[in-house]
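Novice:
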Amino acid sequence: MSSKAASSAGPLLSRLPVVVAFEARAFLYSRAMVVGQLLVEPLAYLAFLAAGLQGWSTQVDLGAGSVSYLTFVFPGVLALQAVRALGRMIARATVDRRWGLLALKLLFGTHPLAYVLGMVIIPMLAFAAQALVAAPFAILLGARMTLTGLLGAVVLGALAVAFWCAVALLVTAGIRSYQQRDLLIALSLLPLTFAAPTFYPLASAPAYLQALSRVNPLTYQVTAMRDALVGNPLSVAAGVTLLLSLVGLALATLVVSRAELLPSEH
Amino acid sequence: MQIEINDLGKRYGNGKWALRGVSATLRAGSFVALIGANGAGKTTLIHLLCGLLDPSEGGVAAPPGLRLGWCSQQAVIDWYLSAYDNVLLGARFAGLGAKASRALSERALAAVQLLDVAHRPVDELSGGQQQRVQIARAMVHEPDLLLLDEPTTGLDPQAAEALLEALRARARAGAFVLVSSHDLTLLERYCDEVLLLADGQLLAFEPRAAFLERFASEEIIRVAYRGALAPADLARIRVRVLRVTTESPLEVVVRRGFPVMEVLSLMGGVTVTDLERQVPGLREAYLKLAQGVPGE
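Chains A and B, in that order, give the protein sequences.
Numbering-wise (our numbering), the first sequence opens with residue 3 and increments by one.
Numbering-wise (our numbering), the second sequence opens with residue 55 and increments by one.
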């Protein structure tokens, strides 16, 4: 005997386009956020932080050769944007859970995998748009990159976004209030961003930061983007980045499939 | 076509049974009023039928492929979307195509009189309008099974009336309709059957008329008159009615459906100036049950 009256069975990814379509609508809901946070922010980092630091450190040694500080820091700025997807996805997924929308979507036959993929696709595309808008500005300031190098970095950065979004979906399963959500976002972003070679090479960092960076996924993601940007897209770091994203998405799918649909019930 | 609820029970993590031993057969085309006090298990029953909760015991057997329309007691709203998009979401996730979904969403919004604010963000709408967005979303895809948990909360009387009229129309079209509400006077006018829960137990599930007959079997007839009622007439009246509450005005308690003329014909020598008949409904029946008066 079934436990429910309504039928919810559906093909694996049949609702994926629908999830993506509504995430796109929700994304565009706040146009000020789209323009300000997503497009202006990376330009501001490049103009006010990276360009300023370039005068302090003109060349950075990558092992296989040295690059200008702006070429070094451009993937770092992109990585910062990738990790910020974590906060935005926590906010979005909390609305879905807190307001019963996840329950509604799953009840109507959305497979958890379609839900997870649908939730991460728009942030990945937004990241790609950010990178493609920021790249000409970075070149203007003095960064050097090829088109294929940039595209490789964008693909790996988008994978990083998928990973952080998956982490957000995992974390959201345990969030019971907006206070918890805001605290988590505030506490996680800063150490994640700076315990990785985003704005400076790790060789010059203290030992504890170097140790922390080794267990920070962002280290591998920014390294993979940086390697791709200088013409080596198939690095070990790229493999780690891909693996992290796949594992993250798989775990997020598992957690969503087992999620309590009515967390307020007791 | 029917849905069999078989010995359904739900125990939450705190060990408390929110619902236990509920068995009932829901019939397609019937509008069922789900009533009971707060905490009686109404919402738990709806969530079990939806599949939002897994039963701790028993289960539900339903025809395959039923399209569900669910309206929660709490706002289930995407605050990042407009009212229109929230309704469209219901149609698209229910599996309808883009074109049909757009047309049906506009129709559903028109039905709940929200077309003029359809493209405004939901958080700019009033509580009642947000509730109507939910209702439009629950009904946009013309579901076969409508489970609505206190859908009239926050609605003005006309909107509540229009909603129940629309639900009855869906039932007449062959849908299963189960609606919980505390607005019993309104529910009584539209429902076909009454399912009463108390402390997680099924107290009654029967056609409205039978329910009222069982739990609201007495009527009050009040007759104002000029002149003096003869003691002999009063004695005859006492024999015919269940009891006489007051003599002037004359107030008597009778069986449901008792002919008023029988009382009036026994009131010789007086001039009747006013006549009032109080027919108890679902609300009175419920209140009587809530006070622990057993059914007959």
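Backbone N, C-alpha and C fix where the C-beta goes; we use that ideal spot for every residue, glycine too.
(1) Would you say Phe259(B) faces chain A, with C-beta separation under 8 Å as the test?
(2) Just verifying my parser: in three-state terms, what is the DSSP assignment at Gln167(B)?
(3) For Asp98(A), count neighbouring Cβ atoms within 10 angstroms of its own Cβ and tell me buried if that reaches 16, exposed if not.
(4) How long is the line joining the alpha carbons of Ala226(A) and Ala205(A), rounded to whole angstroms?
(5) Quick one: which chain B residues come within Cβ less than 8 Å of Ala28(A)?
(6) Residue range of the alpha helix (DSSP H) that Trp166(A) falls in?
(7) Check whether the Cβ of Arg146(B) lies closer than 8 Å to any Cβ atom in chain A.
(8) Under a three-way DSSP split, which group does Thr239(B) fall into?
(9) What does Val257(A) reach in chain B if we use C-beta pairs closer than 9 Å?
(10) For a cutoff of 8 Å on Cβ pairs, would you count Gln128(B) as touching chain A?
(11) Sorted by chain position, which residues of the same chain lie with C-beta nearer than 7 Å to Pro117(B)'s C-beta, five sequence neighbours on each side aside?
(12) For Ala252(B), is the beta carbon positioned less than 7 Å from some heavy atom of the ligand NAD?
(13) Are there 16 or more other CB atoms within 10 angstroms of the CB of Lys107(A), so buried, or fewer, so exposed?
(14) Tell me, please, whether the CB atom of Leu107(B) is closer than 8 Å to any CB atom in chain A?
(15) If you reduce the DSSP assignment to three classes, tell me which class Glu267(A) lands in.
(16) Does Gly69(B) come within less than 8 Å of chain A when only Cβ atoms are used?
(17) Measuring alpha carbon to alpha carbon, tell me which residue in Val135(A), Pro13(A), Ala66(A) is nearest Thr43(A).
(18) In three-state terms, what does DSSP make of Asp198(B)?
(19) Pick helix, strand or coil for Pro13(A), following the three-state DSSP scheme.
(20) Using a Cβ cut-off of 8 Å (strictly closer), state whether Val36(A) contacts chain B.
(21) If I measure Cβ to Cβ from Arg174(B) and keep anything under 8 Å in the same chain, skipping five residues before and after, which residues do I get?
(22) Which same chain residues, not among the five before or five after Ala145(A), have their C-beta less than 6 Å away from its C-beta?
(23) Would you call the CB atoms of Ser159(B) and Val130(B) closer than 8 Å?
(24) Using a Cβ cut-off of 7 Å, pull out every chain A residue sitting near His101(B), in sequence order please.
Specialist: Reading it off the structure:
(1) no
(2) coil
(3) buried
(4) 17 Å
(5) Asp132, Tyr134, Leu135
(6) 149 to 174
(7) yes
(8) helix
(9) Simply none; closest approach about 17 Å.
(10) yes
(11) Met55
(12) The ligand NAD is absent from the structure shown, which contains no ligand whatsoever.
(13) buried
(14) yes
(15) For Glu267(A), the predicted structure reports a pLDDT of 45, less than 50, and the residue's modelled location is therefore unreliable. A value from the coordinates is still provided. Three-state DSSP puts Glu267(A) in coil, outside helix and strand.
(16) no
(17) According to the sequence as given, residue 43(A) is Glu; it is not Thr. Here the closest residue by C-alpha is Val135(A).
(18) coil
(19) coil
(20) no
(21) Ser136, Ala137
(22) Leu72, Thr73, Phe76
(23) no
(24) Leu264
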